[in-house]
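With this note's numbering applied, the sequence shown has no gaps in its numbers, which climb one by one up to 339 at the end. Where is the CB? At the ideal position from N, CA and C, for every residue including glycine. Structure first, then comments.
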Amino acid sequence: MGSLLNVDYGDELTRLRVHEIVKYFQRLGIPLKLAKIPNDVIADSFYIHYRTPILKEEPAEEEALWHLFVKTYVATEVYQEVSRISRYNYQVSKSASVKLLRAYNSLLSRIERGSLEGWEDKKQEFRELAQNQQLRQEISSLLRFYMGSIKNIEKLRKAVTKALGDEVGKEAAELLFDIDIDPYRARLAKILESLVETISAVQTEMEQGPLSERRGVVSGVTRLRAFSDLQRATNLSKAIYIQSKELFGYKLATKSLSIYDATLDTREKIYLLVDKSGSMFYTLYDGVAMDMTQKITWATALAVALMKRSRKSLLRFFDQMVYPPITNIKDIVKALLRVLPL
-2 MGSLLNVDYG DELTRLRVHE IVKYFQRLGI PLKLAKIPND VIADSFYIHY RTPILKEEPA
58 EEEALWHLFV KTYVATEVYQ EVSRISRYNY QVSKSASVKL LRAYNSLLSR IERGSLEGWE
118 DKKQEFRELA QNQQLRQEIS SLLRFYMGSI KNIEKLRKAV TKALGDEVGK EAAELLFDID
178 IDPYRARLAK ILESLVETIS AVQTEMEQGP LSERRGVVSG VTRLRAFSDL QRATNLSKAI
238 YIQSKELFGY KLATKSLSIY DATLDTREKI YLLVDKSGSM FYTLYDGVAM DMTQKITWAT
298 ALAVALMKRS RKSLLRFFDQ MVYPPITNIK DIVKALLRVL PL
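Structure follows, in structure tokens:
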């Protein structure tokens, strides 16, 4: 059995999540010695992030190495940072599970090759393993390498949530965490942070136009014009029908029933094309490529600001080709984080 007390390893949902993680590994083409990593270990790697873990006190001898690995990981600052965005978040928990299993798989490989000093026999009691400082240092090093640095992701998620909404904030955090290359992740985070600052600086401006009054009728409500309009009957008209068929019949005959008004939106759509070619990220200065990410940041921020103001907006990124149309802000941020060149 695994190292967690608050996981039912025989539950159908637990087995399903193990199966999904294995399939995810296979789809990514990541070499993993699944024959040497039990399903209970895979389940642990997911639920450590998805829930608050409750660890066993005394693991079995064959589970001692994994238990030490988990206990070391849970005590790290990296885990505290990851858990802030992974708790009850399936996608982030699955990504974190993959990273953790890759670190553990690397540890097993080093032990098999005999490249770990001070290691004699994998089947040792937990107390003996816990006293092996070389082993603990190796585990900490692997965890730092595979989990990466994510100190600013939670801060950035809050900033994006404040500017663009909770759904976009969660999506941005998930995408940033799923990127393995730390310099690339840091660069994306910097661009996204600049994007949020630019959008937050945009103030709503209103101009007062001519005032008009509509007396006697609540805005959005009008009188019946044709019998086909009955499908838009207000709650008042429905109540009249329930309480008095005679009164309803009279109002229907005189076309004095109230219905919800419908107007045709004749506003023109705003079509936006944003260049995402290399020139938006780099510029040459004396033959040297200089980082110019503020150009793509400004262009994307303008597009997001316009789409926040008008639902009749449509955006396409382009370089050598034109990408599929985007109609909501969440997909803009997702596309920005995925189309950036290295």
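Best match in the options for proximity to residue i [C-alpha to C-alpha]
i: T69; options: P50, N232, K327; result: P50
i: P56; options: K155, V218, V157, L1; result: L1
i: P35; options: R12, L25, W295, F314; result: R12
i: L10; options: K33, Q23, G26, D37; result: D37
i: A93; options: T158, Y21, P322; result: Y21
i: V71; options: A61, I45, Y85; result: I45
i: A100; options: N86, F142, V79, T73; result: F142
i: K266; options: Y76, I323, L227; result: I323
i: V271; options: P321, E78, K309, K159; result: P321
i: L161; options: Q134, L140, I136, L189; result: L189
i: V193; options: K33, S80, E58, I293; result: I293
i: E78; options: L132, K309, L244, I150; result: I150
i: K33; options: E74, E109, T73; result: E109
i: Q134; options: A296, T73, E54; result: T73
Residue i versus residue j - alpha carbon distance
i: A236; j: N325; result: 38 Å
i: L52; j: S138; result: 22 Å
i: V4; j: L311; result: 46 Å
i: K252; j: L303; result: 42 Å
i: S274; j: L65; result: 47 Å
i: P338; j: G26; result: For P338, the predicted structure reports a pLDDT of 49, less than 50, and the residue's modelled location is therefore unreliable. The matter cannot be settled from this model.
i: H16; j: N232; result: 50 Å
i: F314; j: S255; result: 46 Å
i: G(-1); j: M318; result: 49 Å
i: L269; j: A300; result: 7 Å
i: A259; j: I147; result: 49 Å
i: R220; j: Y238; result: 16 Å
i: A332; j: A169; result: 10 Å
i: K248; j: S241; result: 11 Å
i: Q130; j: D163; result: 43 Å
i: I305; j: G217; result: Inspection of the sequence shows that residue 305 is occupied by Lys rather than by Ile. Each residue's alpha carbon lies about 23 Å from the other.
i: E58; j: S103; result: 20 Å
i: K167; j: T158; result: 8 Å
i: D328; j: A298; result: 13 Å
i: R14; j: Y257; result: 47 Å
i: V67; j: K309; result: 50 Å
i: D226; j: A296; result: 44 Å
i: R24; j: S106; result: 22 Å
i: D8; j: S80; result: 23 Å
Cβ neighbours of residue i in the same chain (closer than 6 Å, five flanking residues each side left out)
i: V89; result: I82, S83, E171, F174
i: D316; result: K273, S274
i: K155; result: none
i: L97; result: S42
i: V330; result: V165, A169
i: F224; result: none
i: L29; result: F22, N102
i: S191; result: T294
i: R229; result: I256, Y257
DSSP-derived helix/strand/coil call for residue i
i: D37; result: helix
i: V165; result: helix
i: T219; result: strand
i: V301; result: helix
i: L132; result: helix
i: Y238; result: helix
i: D226; result: helix
i: Y6; result: coil
i: L62; result: helix
i: A72; result: coil
i: L29; result: coil
i: T158; result: helix
i: G111; result: coil
i: N86; result: coil
i: R12; result: helix
i: A57; result: coil
Paired residues, beta bridge with residue i - DSSP
i: I267; result: S310
i: I323; result: L312
i: S138; result: In DSSP, S138 forms no bridge with anything.
i: I18; result: Paired residues: none, contrary to the question.
i: I345; result: Here the chain comprises residues numbered -2 to 339, so residue 345 is not present and cannot be evaluated.
i: L1; result: L52
i: D272; result: F315
Same chain, Cβ closer than 8 Å to residue i, five either side skipped, listed in chain order
i: Y47; result: S83, R84, Y85, N86, Y87, S90
i: I18; result: I39, S42, F43, K91, S94, V95, L98
i: F245; result: S234, I237, Y238, L254
Close Cβ partners of residue i (< 7 Å) along its chain, the five nearest in sequence each way excluded
i: Y6; result: M(-2), G(-1), D37, A40
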